Amino acid sequence: MIVMKFGGTSVGIPDHFAVATGLVAERAARDPIVVVSALVGITNLLVEFCRGGAGRADLARRFEARHREFASDIGVPADVLEPLLRAWQIESAAWLESPRVVSGADRDRVLSFGERLSVELFAGGLRARRVDAVALVAGDAGLVTDDRFGGAHPLPEADALLARHLGRRPPVPVVTGFLGRTADGRITTLGRGGSDYSAAVIGAALGAAEIQIWTDTSGMLSADPRIVAEARPVARLSFAEASELAYFGAKVLHPKTLIPAMDRGLAVRVLNTARPDEPGSLITRDAEAADSSWRVKSIACKKDVTAVTIVSTRMLLAHGFLARVFEVFGRHHIVVDLVTTSEVSISVTVDDPSHLDDAIADLQGIGEVEVKHGLAVVAVVGEGAPSHVGLAGHVFTLLGGVGIGVVMISQGASRVNLSFVVRLEDADRAVRLLHRGLGLDVDQPALAAGRRG
Ligand code: ADP
Ligand code: ASP
Ligand code: MG
């Protein structure tokens, strides 16, 4: 069995959609389970709808029109969508008639319409190719989660439930990405970009031979192609490398995607729907280190990061200082990315400043607090790269040469990642400079390209 996940661009552009359903049909012998995201742009539209305001009626109409037009473009009978579009009319009308505060549960229910409609379209597209297929909402397929709306976690019992509900095939199940359901039946979402994670959770529960992430790039690239036009696919990555890249901004994979795959040792492949014959990237437990002089495979960049520094001369050498600092972050549910310490201070970066003000008030009881907004973390990733003699020197010499100041450095803790913080306005320039300076813009020596999807 394989899991084939198609992202928004793969299902939201008619030509790509036709390729995607064709790819599933061709792989019928590998017993596929399909996971799909909402059509490209639709989740953003629904997020906007939840924000409220005068534009809601227009957004509600656009949502409906987009799906009707898409069904007609791809030749799927519109009646497949009717029950859901009627449910959408009722849901959206309720928000237009009596605007009220949108709770987390409301928001996840509204967002769910994107994926619930796209699975119907995809299953309809497969049936038009004479593939026996059925659309399924992830909750009905057993993906039970906790009730952290907007960022729910699958519960341990989800594995057995998914295996039971998806175990009898055909028909080919076409399951909503991004969505889950609480034990008491309320729809949840797994976080933006979470369909990749859905695919991995389902793949792990059913012991898939491979999890295929079909997207709009030919694999994980050596940098974000929106920053570095000449970025190239990386043929082989380890789970650790791919996780670090995903965590530090490579949007092509949701950061949690590799967790279920790692637990079960399942291969993950990233492939291009528009160029399905290209080998893409194969991510497995073991992947050779890059055969290049710096061992670096890719550079990621996480923007809009905030750094918090706590200075406490009083606490110099006192035990318990770090524990007190982290207790505050933990209590306010703030996720810390990078950490650096000196004798009298600790600096951390956080990417979600929403609860920061309360935390800062508490941190002020421990020491002097300084907050810097408008930063970016750059992560230089490759197995063995950080310990490679001279890499750090080379990186910081390159940056210094063009006057890019480094705000924070985190080296040594990771086997695969040398990361540092720069000002937001220097981030793209730093990534482009290092991409060239570390030789990623030239052909990487042939790392064994994996078998094709
Ligand atoms: P999907 O809709 O298929 O889930 P996403 O938009 O979520 O696609 O992710 C794919 C995008 O991720 C690419 O189009 C690219 O702009 C961005 N991206 C950022 N870093 C990388 C990287 N290292 N490799 C590939 N894509 C990346
Ligand atoms: N449609 C959702 C989003 O845009 C989930 C996903 O694309 O993975 O965030
Ligand atoms: Mg995505």
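Add 2 to a position in the sequence shown, counting from 1, and you land on the number used in the numbering used here.
Don't be surprised by glycine CBs; every beta carbon is placed ideally from N, CA and C.
As the structure is a prediction and not an experimental result, all values here were calculated from the model.
Pair within 8 Å by beta-carbon distance, residue i and residue j
| i | j | result |
| --- | --- | --- |
| residue 144 | residue 166 | yes |
| residue 151 | residue 106 | yes |
| residue 12 | residue 197 | no |
| residue 379 | residue 351 | yes |
| residue 64 | residue 80 | no |
| residue 353 | residue 229 | no |
| residue 134 | residue 175 | no |
| residue 301 | residue 381 | yes |
| residue 128 | residue 72 | no |
| residue 119 | residue 98 | no |
| residue 304 | residue 376 | no |
| residue 401 | residue 408 | yes |
Local conformation of residue i per DSSP, three classes
| i | result |
| --- | --- |
| residue 4 | strand |
| residue 108 | helix |
| residue 265 | helix |
| residue 216 | strand |
| residue 206 | helix |
| residue 478 | Here the chain has residues from 3 to 455 only, and residue 478 is not among them. |
| residue 241 | helix |
| residue 167 | helix |
| residue 235 | strand |
| residue 385 | coil |
| residue 425 | strand |
| residue 368 | coil |
| residue 378 | strand |
| residue 225 | coil |
| residue 420 | strand |
| residue 306 | strand |
| residue 12 | helix |
| residue 198 | helix |
| residue 57 | coil |
| residue 273 | strand |
| residue 85 | helix |
| residue 21 | helix |
Straight-line Cα distance separating residue j from residue i
| i | j | result |
| --- | --- | --- |
| residue 396 | residue 386 | 15 Å |
| residue 432 | residue 306 | 15 Å |
| residue 139 | residue 179 | 9 Å |
| residue 279 | residue 234 | 16 Å |
| residue 289 | residue 297 | 12 Å |
| residue 7 | residue 200 | 9 Å |
| residue 346 | residue 237 | 44 Å |
| residue 390 | residue 292 | 12 Å |
| residue 259 | residue 202 | 6 Å |
| residue 336 | residue 443 | 36 Å |
| residue 436 | residue 227 | 14 Å |
| residue 114 | residue 48 | 9 Å |
| residue 157 | residue 261 | 14 Å |
| residue 349 | residue 325 | 14 Å |
| residue 338 | residue 20 | 42 Å |
| residue 439 | residue 160 | 46 Å |
| residue 441 | residue 358 | 39 Å |
| residue 91 | residue 182 | 22 Å |
| residue 89 | residue 62 | 12 Å |
| residue 421 | residue 341 | 11 Å |
| residue 130 | residue 35 | 17 Å |
| residue 263 | residue 215 | 12 Å |
| residue 412 | residue 393 | 13 Å |
| residue 67 | residue 368 | 55 Å |
Residues of its chain near residue i, where Cβ-Cβ distance is below 8 Å and the 5 sequence neighbours each way are ignored
| i | result |
| --- | --- |
| residue 418 | 240, 242, 243, 246, 383, 384, 385, 386, 387, 388 |
| residue 370 | 312, 313, 314 |
| residue 136 | 125, 173, 174, 175, 176 |
Cut-off 6 Å between Cβ atoms - residues of its own chain near residue i, not counting five sequence neighbours on either side
| i | result |
| --- | --- |
| residue 32 | 4 |
| residue 126 | 78, 82 |
| residue 177 | 37, 138, 140, 143 |
| residue 109 | 52 |
| residue 374 | 309 |
| residue 248 | 255, 257 |
| residue 94 | 62 |
Contacts around residue i, its chain only, beta-carbon distance under 7 Å, and the 5 residues preceding and following it disregarded
| i | result |
| --- | --- |
| residue 265 | 206 |
| residue 211 | 3, 4 |
| residue 18 | 11, 12, 275, 276 |
| residue 295 | 441 |
Below-8 Å beta-carbon distance, residue i vs any chain E residue
| i | result |
| --- | --- |
| residue 78 | The displayed structure is made up of one protein chain only, and chain E is not part of it. |
Q.
For the region 190 to 206 against the region 134 to 148, do three or more pairs of beta-carbon atoms, one drawn from each stretch, fall closer than 8 Å, so that the two count as touching?
A. yes
Q. Is the region 350 to 364 touching the region 259 to 279 in the sense that three or more CB pairs, one from each, lie closer than 8 Å?
A. no
Q: Assess, as a yes-or-no matter, whether the region 218 to 230 is touched by the region 19 to 28 under the definition of 3 or more beta carbon pairs within less than 8 Å.
A: no
Q.
Check whether the region 319 to 331 and the region 420 to 434 touch, using three or more Cβ-Cβ pairs below 8 Å as the test.
A. no
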